[in-house]
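According to the working numbering, the sequence shown holds residues 3 to 287 in order.
Beta carbons are placed, not taken as given, at the ideal position from N, Cα and C, and that holds for glycine.
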Amino acid sequence: MKVISTINELQSTLKSLSLSPVGFVPTMGALHEGHLSLVRTAAEQSPVVVVSIFVNPTQFNDKNDLKNYPRDIAKDLGLLKNILRENDIVFTPSVEEIYPVEDKRVFSFGNLDLVMEAKHRPGHFNGVGQVVSRLFDIVKPDLAIFGLKDFQQLAVIKELVRQTGDKVKIIPHPIIREKDGLAMSSRNMLLEPEIRMNAPLIYKTIKQASLMIRENDIPEIQLMVKRNIENLENFELIYFEIVDDTELKPVENRAEMIAGEKYYGCIAVKAGKIRLIDNIEIGLV
Ligand code: PAF
Numbered sequence: 003m004k005v006i007s008t009i010n011e012l013q014s015t016l017k018s019l020s021l022s023p024v025g026f027v028p029t030m031g032a033l034h035e036g037h038l039s040l041v042r043t044a045a046e047q048s049p050v051v052v053v054s055i056f057v058n059p060t061q062f063n064d065k066n067d068l069k070n071y072p073r074d075i076a077k078d079l080g081l082l083k084n085i086l087r088e089n090d091i092v093f094t095p096s097v098e099e100i101y102p103v104e105d106k107r108v109f110s111f112g113n114l115d116l117v118m119e120a121k122h123r124p125g126h127f128n129g130v131g132q133v134v135s136r137l138f139d140i141v142k143p144d145l146a147i148f149g150l151k152d153f154q155q156l157a158v159i160k161e162l163v164r165q166t167g168d169k170v171k172i173i174p175h176p177i178i179r180e181k182d183g184l185a186m187s188s189r190n191m192l193l194e195p196e197i198r199m200n201a202p203l204i205y206k207t208i209k210q211a212s213l214m215i216r217e218n219d220i221p222e223i224q225l226m227v228k229r230n231i232e233n234l235e236n237f238e239l240i241y242f243e244i245v246d247d248t249e250l251k252p253v254e255n256r257a258e259m260i261a262g263e264k265y266y267g268c269i270a271v272k273a274g275k276i277r278l279i280d281n282i283e284i285g286l287v
């Protein structure tokens, strides 16, 4: 694999390789098995894969979160070396390379930017839109893989591509979980041991919610979720919403749900000092 940090070198390398389709996996590093499985999927589908490692400052609404975000480039490169092939590229740009001037673009993602994560992290998805559109312009991928764990981000990126008319194909990748069910996340390594021990209850709870929908209405399910999560010491429920899978409009009552349509139960939890998200498909059978 090649490790490249400038746009010029990246673009000239891709040009001289002249391989297609170009597969792309954007990441913020601190790689885990979830990322690696996106990379493997990209490699199965493309003769050349670009993996970017860039902690994007514009998507952090909380400066401390940006400062504490885990970074270990040497470890990341070691992991990628086991998967990537000779022609594949790890792109590790600096902030100045990505933003030579301040990015003042303001995107409009409609309802996607009003609910759940957007409500609690103002400006977050605008920052994601900025960096992803910038990376798409630089890499010009034919396909890009995004994990379903960041369900709302995936919807935002699909909308971004719809608005820009970019030809990149967005491929969702299933959530990869630890053996105990906790969704893999770079933030998991920041959890204190006791919090980490209790964190699998998040997935257990949303799984229970997905079963309860058969016989219970949504407010009862939300109550169960809140009780389960907040019974744990130092756990706080930020939200649990059942939303449709395109506009992410929250459904308030079971009667609004249409059999056969896809809905997702999305949860955000403050586990100690760390914010964790997860989701599960929920539908009427
Ligand atoms: O999901 C992430 O890791 C980031 O939000 C992304 C898509 C790489 C943009 O910085």
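Under DSSP, the alpha helix (DSSP H) around R73 begins and ends at which residues? Residue mapping note: residue 73 aligns to position 71 of the sequence shown, counting from 1. From DSSP, R73 is part of no alpha helix (DSSP H); its letter is neither H nor E.
Let me know the beta strand (DSSP E) ranges lying completely inside the stretch 183 to 271, each 3 residues or longer, listed in chain order. 237 to 246
Could you spell out where the alpha helix (DSSP H) holding F138 opens and where it closes? If you number the sequence shown from 1, residue 138 lands on position 136. Unbroken alpha helix (DSSP H) run through F138: H126 to V141.
Please report the straight-line C-alpha distance between A32 and A257, rounded to a whole angstrom. Within the sequence shown, residue 32 is the residue found at index 30, counting from 1. Within the sequence shown, residue 257 is the residue found at index 255, counting from 1. C-alpha separation (whole angstroms): 42 Å.
Counting by C-beta, which residues lie closer than 6 Å to a heavy atom of the ligand PAF, in chain order? P28, T29, M30, N58, Q61, V130, V133, V134, D152 and Q155
Taking the alpha carbon of P202 as the reference point, which residue from M186, T166 and M259 has its own alpha carbon closest? The residue labelled residue 202 in the question sits at position 200 within the sequence shown. Residue M186 is the option with its Cα nearest to P202.
Rounded to whole angstroms, what is the Cα-Cα separation between V130 and Q61? Here residue 130 refers to the residue found at position 128 when the sequence shown is read from its first residue. Here residue 61 refers to the residue found at position 59 when the sequence shown is read from its first residue. Cα to Cα, V130 sits roughly 6 Å from Q61.
Separation of K228 from Y241, as counted between CA atoms: Residue numbering aside, residue 241 sits at position 239 when the sequence shown is read from its first letter. Residue numbering aside, residue 228 sits at position 226 when the sequence shown is read from its first letter. Spanning the two alpha carbons is a distance of roughly 9 Å.
Assuming the contact rule is C-beta atoms closer than 8 Å, T94 and I55 should be a hit. Round their C-beta distance to whole Å, please. Walking along the sequence shown from the start, residue 94 turns up at place 92. Walking along the sequence shown from the start, residue 55 turns up at place 53. Confirmed, about 5 Å.
Here's the rule: buried if 16 or more other CB atoms are within 10 angstroms of the residue's CB, otherwise exposed. What is L137? For the purposes of this step, residue 137 is identified with residue 135 of the sequence shown, where counting begins at 1. It is buried - the Cβ of L137 has at least 16 other Cβ atoms within 10 Å.
Taking the alpha-carbon positions, what's the V57 to E217 distance? Within the sequence shown, residue 57 is the residue found at index 55, counting from 1. Within the sequence shown, residue 217 is the residue found at index 215, counting from 1. Cα to Cα, the separation comes out at about 43 Å.
From L213 to I91, what does the alpha carbon distance come to, in whole angstroms? Here residue 213 corresponds to residue number 211 of the sequence shown, with the count starting at 1. Here residue 91 corresponds to residue number 89 of the sequence shown, with the count starting at 1. Their Cα atoms are separated by approximately 43 Å.
Give a yes or no on whether the C-beta atoms belonging to N281 and L150 are separated by under 9 Å. Sequence index remark: in the sequence shown, residue 281 carries index 279 (1-based). Sequence index remark: in the sequence shown, residue 150 carries index 148 (1-based). In contact: N281 and L150 (Cβ atoms closer than 9 Å).
Roughly how far, in whole angstroms, is the beta-carbon of V271 from the beta-carbon of I215, given that I think they are within contact range, below 8 Å? Looking up residue 271 in the sequence shown gives position 269. Looking up residue 215 in the sequence shown gives position 213. Incorrect: roughly 20 Å between the Cβ atoms, too far for contact.
So, are the CB atoms of L192 and N89 less than 9 Å apart? Your numbering for residue 192 matches position 190 in the sequence shown. Your numbering for residue 89 matches position 87 in the sequence shown. It is not a contact, given that the beta carbons lie outside the stated cut-off.
Using a Cβ-Cβ cutoff of less than 6 Å, which residues in the same chain neighbour N200 once the five nearest sequence positions on both sides are dropped? What you label residue 200 is simply residue 198 of the sequence shown in a count that begins at 1. L234.
Which residue or residues does DSSP assign as beta-bridge partners of L86? Along the sequence shown, one-based indexing puts residue 86 at 84. Beta-bridge pairing links L86 to no other residue.
Within 10 angstroms of its Cβ, does N66 collect 16 or more other Cβ (buried), or is it exposed? Within the sequence shown, residue 66 is the residue found at index 64, counting from 1. N66 is exposed by the Cβ-count criterion.
To which residues of the same chain is V52 closer than 6 Å at the C-beta, ignoring the five residues directly before and after it? Counting from one through the sequence shown, the residue named residue 52 turns up at place 50. If we look at V52 and ignore the five residues flanking it on each side, its Cβ neighbours are F26, I91, F93 and V141.
Is the stretch 30 to 45 touching the stretch 171 to 190 in the sense that three or more CB pairs, one from each, lie closer than 8 Å? yes
Would you kindly report the start and end of the unbroken alpha helix (DSSP H) that includes E42? Translated into positions along the sequence shown, residue 42 becomes position 40. This sequence places Arg at residue 42; Glu is not what is there. Unbroken alpha helix (DSSP H) run through R42: E35 to Q47.
D105 in three-state terms, based on DSSP: Translated into positions along the sequence shown, residue 105 becomes position 103. Note: D105 maps to coil in three-state DSSP.
For V57, the three-state DSSP class (helix, strand or coil): Taking the first residue of the sequence shown as position 1, residue 57 is located at position 55. It is coil, neither helix nor strand.
Endpoints, alpha helix (DSSP H) assigned at F1: What is shown of the chain runs 3 to 287, which leaves residue 1 out entirely.
Cβ of P174 within 9 Å of Cβ of L156? For the purposes of this step, residue 174 is taken as the residue at position 172 of the sequence shown. For the purposes of this step, residue 156 is taken as the residue at position 154 of the sequence shown. Contact flag set, yes.
Considering just the uninterrupted stretch of the beta strand (DSSP E) at Q91, what are its terminal residues? Along the sequence shown, one-based indexing puts residue 91 at 89. According to the sequence displayed, residue 91 carries Ile and not Gln. Segment I91 to F93, the beta strand (DSSP E) holding I91.
For R73, tell me which candidate among R189, S39, H126 and M3 has the shortest Cα-Cα distance. Position 71 of the sequence shown, counted from the first residue, corresponds to residue 73. Ranking the options by Cα distance to R73, first place goes to R189.
Less than 8 Å between the CB atoms is what I'm expecting for M118 and C268, so what's the real figure, rounded? Taking the first residue of the sequence shown as position 1, residue 118 is located at position 116. Taking the first residue of the sequence shown as position 1, residue 268 is located at position 266. Yes, M118 and C268 are in contact; Cβ-Cβ is about 6 Å, under 8 Å.
Considering just the uninterrupted stretch of the alpha helix (DSSP H) at V97, what are its terminal residues? Sequence index remark: in the sequence shown, residue 97 carries index 95 (1-based). It spans V97 to I100 - the alpha helix (DSSP H) in which V97 sits, taken as one unbroken run.
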